[in-house]
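Read through the structure below, which is laid out as structure tokens, and then see the notes.
In the numbering used here, the protein residues as written are 11 to 138.
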């Protein structure tokens, strides 16, 4: 019985250490994401059409299709979003269309996915 308690204690400590290490890694990843610049390309030079863009920040991958008409973003469809826990960030595309800007606050709890979606939109527009 005493041996079982020691084994359980060791397993608990190892799991706790992995949890703490994971939190530290995630905190550093989110901190680094804020240093990735996102800028709005000039829509006035864009032709009407649909443009595909993608971006990846480990562990998030996003692929979007941005529709432009009369020099405005008229729609954004998320084609792929390998998001981990960041699916809430998908709502950010509505704000981009509404404000016609990439200067949008990240969705709380989905910072990495938010930044990744914004960069994918920027990349789609820049390709034109």
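Where a beta carbon is used, it is the ideal one built from N, C-alpha and C, also for glycine.
Contacting residues, own chain, Cβ-Cβ under 7 Å from residue 30 (five flanking each side not counted): Numbered from its first residue, the chain shown carries residue 30 at position 20. Contacts found: none.
My output table needs one value for residue 18: the three-state DSSP class, helix, strand or coil. Taking the chain shown and counting its residues from 1, one reaches residue 18 at position 8. In the structure shown, residue 18 sits in a helix (DSSP, three-state: H, G or I).
Beta strand (DSSP E) segment containing residue 77, residue limits: Along the chain shown, read from residue 1 onward, the residue named residue 77 stands at position 67. Unbroken beta strand (DSSP E) run through residue 77: 70-79.
Beta-bridge partners of residue 91, as assigned by DSSP: Within the chain shown, numbered from 1, the residue matching residue 91 stands at position 81. According to DSSP, which records beta bridges pairwise, residue 91 is partnered with 72.
Rounded C-alpha distance that separates residue 114 from residue 61: Counting from one through the chain shown, the residue named residue 114 turns up at place 104. Counting from one through the chain shown, the residue named residue 61 turns up at place 51. Rounded to the nearest angstrom, the two C-alpha atoms are 20 Å apart.
For residue 59 and residue 73, I'd like the C-alpha separation in whole angstroms. The sequence position of residue 59 within the chain shown is 49, counting from 1. The sequence position of residue 73 within the chain shown is 63, counting from 1. Distance between the alpha carbons of residue 59 and residue 73: 17 Å.
Residue range of the unbroken beta strand (DSSP E) whose run includes residue 67: Translated into the one-based positions of the chain shown, residue 67 becomes position 57. Here the beta strand (DSSP E) through residue 67 covers 59-67.
Short Cβ contact (7 Å threshold) for residue 34 with residue 125: Position 24 of the chain shown holds residue 34. Position 115 of the chain shown holds residue 125. Against a cut-off of 7 Å, the Cβ pair of residue 125 and residue 34 comes out as no contact.
Alpha carbons only, please: which of 120, 77 and 111 is nearest the one belonging to residue 96? Against the chain shown, residue 96 aligns to sequence position 86. Closest by alpha carbon: 120.
Within 10 angstroms of its Cβ, does residue 20 collect 16 or more other Cβ (buried), or is it exposed? Start at 1 with the first residue of the chain shown, and residue 20 comes out as number 10. With fewer than 16 Cβ atoms within 10 Å of its Cβ, residue 20 is classed as exposed.
So who's on the other strand from residue 85, going by DSSP bridges? The residue labelled residue 85 in the question sits at position 75 within the chain shown. BP columns for residue 85 point to 77.
What's the C-alpha gap between residue 44 and residue 64? Mapped onto the chain shown, residue 44 falls at position 34. Mapped onto the chain shown, residue 64 falls at position 54. Between residue 44 and residue 64, the C-alpha separation is close to 18 Å.
Return the chain-ordered list of same chain residues with a C-beta closer than 7 Å to the C-beta of residue 133, the five sequence neighbours on each side being excluded. Counting from 1 along the chain shown, the entry for residue 133 is found at position 123. Here the set comprises 63, 64 and 65.
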